[in-house]
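To keep things clear, I will list the structure first and then write my remarks on it.
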Amino acid sequence: MLGFECESVCIGCGCSDMRACDEGCYWLAVDREEGIGVCSSCPESMKDWESTPRGLLVRKSLVKRATDQIVDLRSTVDALRVSDLNAFDAMPAKEQRMYLARKEALVEAYRGALVSLEMAKVRLEQV
Ligand SMILES: [Zn+2]
Ligand SMILES: [Zn+2]
8 MLGFECESVC
18 IGCGCSDMRA
28 CDEGCYWLAV
38 DREEGIGVCS
48 SCPESMKDWE
58 STPRGLLVRK
68 SLVKRATDQI
78 VDLRSTVDAL
88 RVSDLNAFDA
98 MPAKEQRMYL
108 ARKEALVEAY
118 RGALVSLEMA
128 KVRLEQV
């Protein structure tokens with residue numbers, strides 16, 4: 008599903024196997040097959056975990072992940088824009104090409120993330 012298979016993500020805070028909470032955390036509950044869980048920083052999410060159908064939790068978590076990804080990408084694009092706008096003219100042609108390629112890749116990733124978000128939202132509505 009959307010290429011997140013190997014990683015489990017917390018339904019409360021969105022932390023994951025790869026990116027634990029700052030203070031460090033472990034799984035209170037985890038469903039490796041579905042790729043979702045509840046981490047030790049989010050004990051209040053255990054109620055959701057126990058009372059919400061697993062399929063709905065997965066869909067909600069997909070929307071959350073896609074939204075987080077978009078926020079990340081947007082800030083990366085913004086940072087690139089601000090930091091490099093003035094420097095661009097002064098860059099050697101080779102660097103300008105690299106910059107443009109990097110920007111294009113980012114915009115591409117951003118578009119992909121928007122599509123993922125739309126798909127995740129559609130699936131959420133199908134419950
Ligand atoms: Zn958590
Ligand atoms: Zn956590």
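Note that the working numbering has the sequence shown beginning at 8, numbered continuously upward. Beta carbons: idealized from backbone N, C-alpha and C, even for Gly.
For residue i, the residue or residues it bridges with in DSSP
i, result
"Ala36", "Val45"
"Ser23", "Val16"
Assumed close pair residue i, residue j - CB separation to whole angstroms, cut-off 8 Å
i, j, result
"Arg130", "Arg66", "5 Å"
Assigned secondary structure, residue i (DSSP; H/G/I helix, E/B strand, else coil)
i, result
"Gln133", "coil"
"Ala116", "helix"
"Glu30", "coil"
"Thr59", "coil"
"Met126", "helix"
Residues near residue i by beta carbon distance below 6 Å, same chain, minus five either side
i, result
"Asp75", "Gly21"
For residue j and residue i, the rounded distance between their alpha carbons
i, j, result
"Tyr106", "Ala36", "43 Å"
"Gly19", "Ala116", "25 Å"
"Leu87", "Lys101", "17 Å"
"Met53", "Glu41", "16 Å"
8 Å CB neighbourhood of residue i in its chain, flanking five on each side removed
i, result
"Ala120", "Ala73, Gln76, Ile77 and Leu80"
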